[in-house]
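What follows is one structure encoded as structure tokens, with my remarks underneath.
In my numbering, the protein residues as written are -7 to 48.
What follows is the structure, encoded as structure tokens:
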């Protein structure tokens, strides 16, 4: 499941994110220990990608 979440976000942001931004997202998602935290972060990054924002 972790790999799927990371793959989805990285694929969605492939055209608009540089390598460093994709790494920030991947690390943030994969470092979450609780599923609830991972889901919250995933939703945050999807919203950011939809608004064409970069991760902070």
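Even for Gly, the Cβ is constructed at its ideal location relative to N, Cα and C.
Since the structure is predicted, the reported quantities are computational estimates derived from the model, not experimental observations.
Close beta carbons around residue 44, own chain, < 7 Å, minus the five adjacent residues each side: 8.
Could you tell me the alpha carbon to alpha carbon distance between residue 24 and residue 38, rounded to whole angstroms? Straight-line Cα distance between these residues: approximately 16 Å.
Alpha carbon to alpha carbon, how far is residue 96 from residue 28?
Nothing about residue 96 can be read from this structure; the chain reaches only from -7 to 48.
message: Restricting to Cα atoms, I'd like to know which of 42, 16, 11 is closest to residue 48.
response: Among 42, 16, 11, the Cα nearest to that of residue 48 is on 16.
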